[in-house]
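Heads up, the sequence shown is in the working numbering, so the first residue is 828 and it goes up one at a time.
Glycine included, C-beta positions come from ideal geometry on N, C-alpha and C.
Data first, discussion second: the structure below is written as structure tokens.
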Amino acid sequence: MNKPLHEGALKPEAGETLDPRDWDEIRALGHRMLDDMIDNIASIRQRPVWQPIPDAVRARFRDALPRAPSALNDVYREFSDNIAPYATGNVHPGFMGWVHGGGSAVGMLAEMLAAGLNANLGGRDHMPIEVERQIVAWMRDLFDFPPDASGIFVTGTSMANLMAVLVARTSVLGTSVRQCGVAGEGALLRAYTSNAAHGCIAKAMDIAGLGSEALRRVAVDASHRIDVVALREEILRDRSIGLKPFLVVAAAGTVDIGAIDDLKAVGALCREQGLWFHVDGAFGALGMFSPVLAPRLAGIEQADSIALDFHKWGQVPYDAGFLLVRDGEQHRAAFAAPAAYLRREARGLAAGSPWPCDLGPDLSRGFRALKTWFTLKTFGTEKLGAMMARTCALASYLEARILAEPRLELLAPVNLNIVCFRYRADDANGVNGVNGEIVIDIQESGIAAPSTTMLNGQLAIRAAIVNHRTNTCDIDALVDAALDFGARRSAGDPRLIEVDAPPLAM
Ligand SMILES: Cc1ncc(COP(=O)(O)O)c(C=O)c1O
């Protein structure tokens, strides 16, 4: 027979809580961590954007599971020496790869406060959920959605797009699909997006059980916007052969070049055809904060659902994705699932239904809303909108520099804050080899961090200017580095620039 678990285990010396023995000691170290990280952000320009991880550092993280305790000070030293210097680099103003936000000191502090509260936002009746509801209400206002629209924080737009596909699917097939699955009528469903759409849309169709092949990829025009005439034809053709069109996903800022689909026209087509109109606004949707950019998003207010990220243009630290659904009832119908252990009450801690766990797959959820609330309250949407417009002005400055430089070629129209270009080279060492090498050289030099994409069969150097710290000097450094490495690579001289990188101020 097993011994009772309390036998011997409750003696005073047998176990301790995880609280520190000396609160003053942890307070002092905590203050130092905070000072170090604030110094790190304040002096970010003095360091390389990114640096490769030395083998010895990587090897340290193949360690055995720690069984014995270590001093917090020593663990922090490991962080300072081996983790912080080799982060992604998106805090740095020279980071222009993919679509990464720069975060802010305000968001960092809020994240610390959220961790201190250790709130679980799956449900129950507490103020952290009211903070999330406050942001849902702000998003409703921003996009002119009705009072019964619902919203929820998620990891990122990939998750928000997946959830939108699930809500649209349940809306068209009825809630029985949640018990019976998508066989039968579900196999006939077809969704539509442009061939410039983010890969997570096809993945969402796959995970939703509809299959990525049930997603039609419609051609784009010269500005990379979905061809609405072709979209209409495709929908009608599918209907004529007995298939069931149910969803169109339009882009408010494509990942490659930041193109915004004609949201008014797509919305009108969806209404005419009775289709769910979802907008992937991962980084572009919050352009609504800017009076300069908002008119370009006209039509977004007609959407049935919008996915967006506060962690991109909104500069909230990772992660802070968000889904807004026009019809809150349909949103709940797709996810709510009663359980005895999640019983709701009219009073007490189990009050406050519906809970966020009724609006998505997660039960345990962190307090993403707090860093978003701090960011929106502290800066205000006017300042955030002006910052977004400034990143677009910087993209236009980069475009002008490229057009003025015969050795560089612009590869796509500059719609928002993303610029795609190449160094003119014959790429003799393989398809687009020179430009691919240039991007890696620039990243390894620590000067800037662009990324790449393929446009019309050509590899593009892609600069997504999202970081609020980026300035014209960072754009100039990128152009100069592209020209420098381009000349060396073309001449077969891949010497790398040695960057004198001071260690982190930690
Ligand atoms: C247009 C678009 N959609 C979706 C995503 C995926 O967003 P996340 O990385 O937050 O999941 C991105 C990411 O860059 C994007 O640009």
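A contact between stretches requires three or more CB pairs, one per stretch, nearer than 8 Å, and the region 977 to 991 meets this requirement with the region 1118 to 1134. A distance of 8 Å or more separates the beta carbons of I956 and L944. A1308 sits close to I1274, with the two beta carbons spaced by under 8 Å. Here the alpha carbons of L1016 and A937 stand approximately 43 Å from one another.
Residues Y1250, R1251, L1310, G1313 of the same chain have their beta carbon placed closer than 7 Å to that of R1234, with the five preceding and five following residues left out of the count.
Rounded to the nearest whole angstrom, the C-alpha separation of D1136 and L1074 is 21 Å.
Taking 8 Å as the cut-off, the Cβ atoms of A976 and L1151 count as close. In this structure V1306 does not touch R1217 by the C-beta definition: roughly 18 Å separates them, more than the 8 Å allowed. Look at W1103 here: in three-state DSSP terms it is strand. Residue ranges of uninterrupted alpha helix (DSSP H) with 4 or more members, entirely inside the region 1023 to 1093 and ordered along the chain, are 1026 to 1034, 1055 to 1067. In the three-state scheme derived from DSSP, where H, G and I count as helix and E and B as strand, Y1168 is classed as helix. Note on geometry: alpha-carbon atoms of V876 and I1269 lie some 10 Å from one another. Relative to ligand 1, C1027 has its C-beta within less than 7 Å of a heavy atom. Ligand 1 has a heavy atom closer than 7 Å to the beta-carbon of A1078. Taking 7 Å as the cut-off, the C-beta of W1103 does not count as close to any heavy atom of ligand 1.
Between ligand 1 and V1045, a heavy atom-to-CB distance of less than 7 Å is absent. Per DSSP, the unbroken beta strand (DSSP E) holding L1286 starts and ends at 1285 to 1291. Contact between P1277 and I1288 holds, with the beta-carbon distance rounding to 5 Å and staying under 8 Å. DSSP places F1248 in the uninterrupted beta strand (DSSP E) bounded by 1245 to 1250. Secondary structure note for E1271: its alpha helix (DSSP H) is the uninterrupted segment 1260 to 1272. In this structure, the alpha-carbon of I1062 lies about 17 Å from that of S1039.
In this structure, I1028 places its C-beta atom within 8 Å of the C-beta atom of V1076.
Looking at the backbone, the Cα of D866 and that of R859 are separated by about 10 Å.
N1022 counts as exposed, since fewer than 16 other beta carbons sit within 10 angstroms of its beta carbon.
At least 8 Å separates the beta-carbon of D1088 from that of R1043. Here T915 carries a coil assignment [DSSP, helix/strand/coil].
Closest by C-alpha distance to K1198, out of M939, H927, Q878, L856, is M939. Excluding its 5 nearest sequence neighbours in each direction, M1214 has C-beta neighbours in its own chain below 7 Å: H1295, listed in chain order. A direct Cα-Cα distance of roughly 13 Å separates G1108 from L1243. Separation of G857 and F1194 (C-alpha to C-alpha, rounded to the nearest whole angstrom) is 21 Å.
Excluding its 5 nearest sequence neighbours in each direction, K1091 has C-beta neighbours in its own chain below 7 Å: A1125, G1126, listed in chain order. Counting along the chain, E1236 sits inside no alpha helix (DSSP H); it lies in the beta strand (DSSP E) bounded by residues 1235 to 1237. Using a Cβ distance threshold of 8 Å, R951 and G1179 count as a contacting pair. M1032 has its alpha-carbon roughly 7 Å from the corresponding atom of V992.
Sequence-distant partners of P1240 (beyond 5 residues in either direction) whose C-beta falls short of 6 Å from its own C-beta, in its chain, are S1050. Segment contact: the region 1000 to 1013 against the region 1201 to 1211, fewer than three CB-CB distances shorter than 8 Å; contact not assigned.
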